[in-house]
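One structure is given below, encoded as structure tokens.
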Amino acid sequence: MASSSIKAISSSALTASPKLSQVPPPPSKPYLLSFLHTTSNPISLKLSHSHNLRSHSFLITNVIKTAESSSDTYVSKSSQLPKQPSSDSTPTILVSEKLGEAGLHVLGGFGNLECAYDLSHEELCAKISTCDALIVRSGTKVTRQVFEAAKGRLKVVGRAGVGIDNVDLQAATEYGCLVVNAPTANTVAAAEHGIALLTAMSRNVAQADASIKAGKWQRNKYIGVSLVGKTLAVMGLGKVGSEVARRAKGLGMHVISHDPYAPADRARAIGVDLVSFEQAIGTADFISLHMPLTPTTSKVFNDKTFAMMKKGVRIINVARGGVIDEDALVRALDSGIVAQAALDVFEEEPPSKDSKLVQHENVTVTPHLGASTKEAQARLISPTLIKTFERYIEGVAIEIAEAVVGALKGELSATAVNAPMVSSEVLAELSPYVVLAEKLGKLAVQLVAGGSGIKSVRVVYKSARHPDDLDTRLLRAMITKGIIEPISASFINLVNADFIAKDKGLRISEERVAVDTSPECPVASIQVHISNVESKFASCVSENGNISIEGKVKYGKPHLTLLGSFGVDVSLEGNLILCRQVDHPGMIGKVGNILGTENVNVNFMSVGRTVQKKAIMAIGVDEEPKEELLNKIGKVPDIEEFVFLKL
Numbered sequence: 038m039a040s041s042s043i044k045a046i047s048s049s050a051l052t053a054s055p056k057l058s059q060v061p062p063p064p065s066k067p068y069l070l071s072f073l074h075t076t077s078n079p080i081s082l083k084l085s086h087s088h089n090l091r092s093h094s095f096l097i098t099n100v101i102k103t104a105e106s107s108s109d110t111y112v113s114k115s116s117q118l119p120k121q122p123s124s125d126s127t128p129t130i131l132v133s134e135k136l137g138e139a140g141l142h143v144l145g146g147f148g149n150l151e152c153a154y155d156l157s158h159e160e161l162c163a164k165i166s167t168c169d170a171l172i173v174r175s176g177t178k179v180t181r182q183v184f185e186a187a188k189g190r191l192k193v194v195g196r197a198g199v200g201i202d203n204v205d206l207q208a209a210t211e212y213g214c215l216v217v218n219a220p221t222a223n224t225v226a227a228a229e230h231g232i233a234l235l236t237a238m239s240r241n242v243a244q245a246d247a248s249i250k251a252g253k254w255q256r257n258k259y260i261g262v263s264l265v266g267k268t269l270a271v272m273g274l275g276k277v278g279s280e281v282a283r284r285a286k287g288l289g290m291h292v293i294s295h296d297p298y299a300p301a302d303r304a305r306a307i308g309v310d311l312v313s314f315e316q317a318i319g320t321a322d323f324i325s326l327h328m329p330l331t332p333t334t335s336k337v338f339n340d341k342t343f344a345m346m347k348k349g350v351r352i353i354n355v356a357r358g359g360v361i362d363e364d365a366l367v368r369a370l371d372s373g374i375v376a377q378a379a380l381d382v383f384e385e386e387p388p389s390k391d392s393k394l395v396q397h398e399n400v401t402v403t404p405h406l407g408a409s410t411k412e413a414q415a416r417l418i419s420p421t422l423i424k425t426f427e428r429y430i431e432g433v434a435i436e437i438a439e440a441v442v443g444a445l446k447g448e449l450s451a452t453a454v455n456a457p458m459v460s461s462e463v464l465a466e467l468s469p470y471v472v473l474a475e476k477l478g479k480l481a482v483q484l485v486a487g488g489s490g491i492k493s494v495r496v497v498y499k500s501a502r503h504p505d506d507l508d509t510r511l512l513r514a515m516i517t518k519g520i521i522e523p524i525s526a527s528f529i530n531l532v533n534a535d536f537i538a539k540d541k542g543l544r545i546s547e548e549r550v551a552v553d554t555s556p557e558c559p560v561a562s563i564q565v566h567i568s569n570v571e572s573k574f575a576s577c578v579s580e581n582g583n584i585s586i587e588g589k590v591k592y593g594k595p596h597l598t599l600l601g602s603f604g605v606d607v608s609l610e611g612n613l614i615l616c617r618q619v620d621h622p623g624m625i626g627k628v629g630n631i632l633g634t635e636n637v638n639v640n641f642m643s644v645g646r647t648v649q650k651k652a653i654m655a656i657g658v659d660e661e662p663k664e665e666l667l668n669k670i671g672k673v674p675d676i677e678e679f680v681f682l683k684l
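Going by the numbering used here, the sequence shown opens with residue 38, and the numbers climb by one from there.
Quick look at the structure:
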């Protein structure tokens with residue numbers, strides 16, 4: 038077992054300072070580390086969404102104010118921009134429940150690993166302020182008190198398994214802590230166990246086995262029911278539910294599902310009809326449960342819902358025990374409403390020895406074999422299955438370890454629970470646009486004159502893809518991050534971006550515009566419009582009075598392509614000086630000479646013209662020029678305005 042000592046990290050380096058100039062400098066790597074490091078105060082908020090195919094808005098009422106204004110046009114000084122905390126220290130990873138050796142090896146190779154099992158809630162709260170990551174299974178409760186005790190240090194919580202009902206997601210989000218799980222490794226295992234219970238129950242395998250071992254031969258008593266042509270209702274069409282549905286289709290069953298969040302196209306792709314909750318439970322011959330345990334789903338299967346079911350229905354549960362009122366299920370079994378039940382999970386585990394539900398003759402039970410990791414449970418099954426189960430345990434350990442290490446590196450996770458969840462393929466496809474989105478947000482907010490209040494931001498995505506095929510949640514979060522961080526003392530990350538935006542009074546709406554380009558390119562361009570503000574660079578104001586910029590990904594790099602009404606072609610790397618000038622020969626030479634005499638390295642220059650003989654000159658520089666140098670540029674004849682931007 039890998040282990041090492043915890044390396045302490047000064048809490049003072051992780052506390053937000055009220056003065057932006059006192060915030061420590063940003064890390065050079067990794068680029069996305071700031072997503073997982075926030076020291077902002079917790080916010081108790083509820084976020085409301087308004088949806089349609091063309092827009093997505095956060096409805097917010099207050100006003101966000103920019104950083105302190107200055108009379109100079111180049112007020113974007115480094116002291117006014119928030120910096121990310123230092124990441125020099127090796128991260129500390131706490132594992133609070135047993136994890137496979139392969140996973141521990143991955144974790145120990147990246148950070149200081151501590152395995153502390155069977156911690157009480159008080160002991161966990163006392164220890165968590167020294168940890169950057171926490172890995173749990175189902176036994177550890179990660180409550181709001183745990184996140185409060187972490188004091189902003191905890192960046193990621195990894196749940197080794199699918200269910201996350203033991204983690205307070207609301208508190209995690211408010212504190213900017215990413216929560217990841219390991220859904221892939223146990224998806225097939227859980228689905229197969231659900232199908233095993235389905236078939237075993239329908240043919241009375243467990244009861245017949247016990248009867249024969251008791252010396253009886255009762256063929257007539259244990260006549261089963263066929264699955265072919267029967268209707269299976271899959272309650273929750275997530276990863277496990279989808280796999281169960283696929284396998285049930287292969288058994289000749291008609292599969293329906295209720296899941297308020299399942300995309301209709303995904304359901305159609307696996308041959309499943311999405312129906313209402315009432316229709317699902319009212320028409321099904323078999324009901325398989327695959328829903329999380331939440332306040333909404335707690336004991337959702339009760340006397341009232343059992344009464345709505347077809348008489349003789351059969352129920353399988355490999356999800357969470359708490360979704361069923363167990364006393365009500367016993368009554369439904371006794372009355373014949375429910376003919377049989379097959380259960381792998383229970384409200385209390387292990388259930389009491391005298392449990393009426395467990396002892397009921399029409400109930401087949403297993404000891405949480407679908408997701409359990411206890412060695413005692415592994416010993417209950419055959420030697421062949423033990424090897425399979427051990428491989429599954431190692432798979433979960435490796436998957437969650439890699440997810441946690443990736444999160445600590447600042448990489449976006451496809452298994453994130455409380456952040457925009459997109460597949461690894463979509464993450465890879467959107468990667469350059471993620472960078473573009475944040476750069477545009479940073480650029481746009483720096484163009485707002487000091488003292489102006491940003492109330493509304495409109496984002497326009499131009500794409501050849503159908504709106505349902507373009508997931509912009511990640512891009513929206515990046516734009517939000519780019520807009521807020523330069524004018525806020527709070528650290529913004531992917532997890533808490535929406536919450537901080539709402540608290541700051543920022544309303545962000547999204548639009549999609551269809552363009553005739555190749556659908557192979559997910560986004561042709563991204564526009565950011567800020568309305569009802571003053572600009573420190575008048576050339577970026579469009580005809581409708583908004584600060585308007587547009588960017589594209591070219592050659593894999595983010596580029597600024599439109600500034601107000603000026604067409605430009607500017608690489609969004611390093612720092613940028615924008616000048617509006619009268620379009621005369623020699624202007625590039627004059628400005629370049631000023632920069633050269635001060636030993637400021639210029640990495641590119643470009644000029645965009647208009648028909649009024651005006652031009653926008655964009656100059657990329659490696660470092661921030663001194664105030665005196667910028668004043669010299671401003672005094673060059675025929676330069677009408679300029680602005681310095683840090684990107």
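All residues carry an ideal CB built from backbone N, CA and C; glycine is no exception.
Values in this document were obtained by computation on a predicted structure and should not be read as measured data.
Contact check, asparagine 218 vs arginine 196, beta carbons under 7 Å:
Against a cut-off of 7 Å, the Cβ pair of arginine 196 and asparagine 218 comes out as a contact.
Mapping the DSSP letters down to three states, classify serine 279 as helix, strand or coil.
Secondary structure at serine 279: helix, using DSSP grouped into helix, strand and coil.
Any heavy atom of the ligand NAP closer than 6 Å to the beta-carbon of asparagine 533?
The model depicted lacks the ligand NAP and carries no ligand whatsoever.
State the DSSP-derived secondary structure class of cysteine 616, mapped to helix, strand or coil.
Cysteine 616 falls in the strand class under three-state DSSP.
How about leucine 512 and alanine 474: do their beta carbons lie closer than 7 Å?
Less than 7 Å divides the Cβ of leucine 512 from the Cβ of alanine 474.
Under a Cβ-count criterion, where at least 16 other Cβ atoms within 10 Å of its own Cβ denotes burial, should threonine 167 be classed as buried or exposed?
So threonine 167 ends up on the buried side.
Quick check: the segment 590 to 610 against the segment 622 to 635, are there 3 or more CB pairs under 8 Å?
With the cut-off at 8 Å, the segment 590 to 610 and the segment 622 to 635 do not touch.
Using DSSP bridges, identify the partner residues of histidine 405.
DSSP, once it has assigned bridges, lists no residue as partnering histidine 405.
Cα-Cα, which of Lys267, Ala434 and Gly275 is closest to threonine 224?
It is Gly275 whose Cα lies nearest to the Cα of threonine 224.
Which of the three DSSP states is assigned to threonine 129 in this structure?
Three-state result, threonine 129: strand.
For asparagine 149, which residues does DSSP report across the bridge?
Under DSSP, asparagine 149 shares a beta bridge with Thr129.
Rounded to the nearest angstrom, what separates serine 572 and leucine 191 at their Cα positions?
So the alpha carbons of these two residues sit roughly 38 Å apart.
Taking only the alpha-carbon atoms, compute the straight-line gap between tyrosine 68 and glycine 519 and give it to the nearest angstrom.
With a pLDDT of 31 at tyrosine 68, under the threshold of 50, the modelled position of this residue cannot be trusted; read the value that follows with caution. Near 13 Å, if we compare the C-alpha coordinates of glycine 519 and tyrosine 68.
By a C-beta neighbour count over all protein chains shown, 10 Å radius and 16 as the cutoff for buried, is arginine 357 buried or exposed?
Counting Cβ neighbours within 10 Å, arginine 357 comes out buried, since at least 16 surround it.
Please report the residue range of the beta strand (DSSP E) in which isoleucine 172 lies.
The continuous beta strand (DSSP E) containing isoleucine 172 extends over residues 170 to 173.
Rounded to whole angstroms, what is the Cα-Cα separation between asparagine 640 and serine 608?
About 10 Å.
Closest to isoleucine 260 by C-alpha separation, out of Lys267, Val277, Val242 and Met272, would be which residue?
Ranking Lys267, Val277, Val242 and Met272 by CA distance to the CA of isoleucine 260 puts Val242 first.
Where methionine 346 and aspartate 508 are concerned, what is the direct C-alpha to C-alpha distance, given to the nearest angstrom?
A direct Cα-to-Cα measurement between methionine 346 and aspartate 508 gives close to 37 Å.
Coil, strand or helix - threonine 686 by DSSP:
Look at the range of the chain in this structure, 38 to 684, and you will see that residue 686 is not part of it.
Measuring CB to CB, does leucine 326 end up less than 7 Å from methionine 290?
Inclusion of leucine 326 and methionine 290 in the CB contact set at 7 Å is not warranted, their separation being larger than that value.
Cβ-Cβ separation, valine 494 to isoleucine 524 (assumed contact under 8 Å), whole Å
So it is not a contact: roughly 12 Å between Cβ atoms.
Short check: CB of valine 552 to CB of isoleucine 586, under 7 Å?
No, the pair does not count as a contact, with Cβ atoms beyond the cut-off.
Proximity to valine 265 [Cα-Cα], best of Val277, Glu280, Ala282 and Leu288:
For valine 265, the closest C-alpha among the options Val277, Glu280, Ala282 and Leu288 is that of Leu288.
Just to confirm my understanding: we take asparagine 89, look at its own chain, exclude 5 residues before and 5 after, and list those with CB closer than 7 Å. What are they?
For asparagine 89, the predicted model reports a pLDDT of 32, less than 50, meaning its position is unreliable; a value from the coordinates is still stated below. Here the set comprises nothing.
Which of helix, strand or coil DSSP assigns to glycine 213:
Residue state, collapsed to three classes: coil.
Helix, strand or coil, according to DSSP, for isoleucine 563 in the structure here?
Note: isoleucine 563 maps to strand in three-state DSSP.
What does asparagine 218 pair with, by DSSP beta-bridge criteria?
Paired residue(s): Arg196.
Can you say whether histidine 158 is buried or exposed, counting buried as having 16 or more other CB atoms within 10 angstroms of its CB?
It is exposed - the Cβ of histidine 158 has fewer than 16 other Cβ atoms within 10 Å.
Kindly indicate which residue of Ala378, Leu141 and Thr634 has the alpha-carbon position closest to the one of valine 400.
Nearest of Ala378, Leu141 and Thr634 to valine 400, Cα basis: Ala378.
By Cβ distance, which residues of its chain are closer than 6 Å to leucine 666, with the 5 residues on each side in sequence left out?
Result list for leucine 666: Glu635, in chain order.
Return the CA-CA distance between serine 620 and proline 556, expressed in angstroms with no decimal places.
The residue asked about is misnamed: residue 620 is aspartate in this sequence, not serine. Aspartate 620 and proline 556 have their alpha carbons spaced roughly 38 Å apart.
Counted within 10 angstroms of its Cβ, other Cβ atoms place glycine 550 as buried (16 or more) or exposed
A small fix is needed here, since residue 550 is valine in this sequence, not glycine. Valine 550 comes out exposed.
Excluding sequence positions up to five away, which residues of its chain have a Cβ less than 8 Å from the Cβ of valine 658?
Gly611, Asn612, Leu613, Ile614, Leu632, Val637, Asn638, Val639 and Asn640, listed in sequence order.
Under the assumption that aspartate 202 contacts threonine 331 (Cβ atoms under 8 Å), give the Cβ distance between them as a whole number of angstroms.
About 7 Å; that satisfies the 8 Å criterion.
Sorted by chain position, which residues of the same chain lie with C-beta nearer than 6 Å to glycine 359's C-beta, five sequence neighbours on each side aside?
Closer than 6 Å at Cβ, skipping near neighbours: Leu330, Ser335 and Glu384.
Using three-state DSSP, classify phenylalanine 338 as helix, strand or coil.
Reduced to three states, the DSSP call for phenylalanine 338 is strand.
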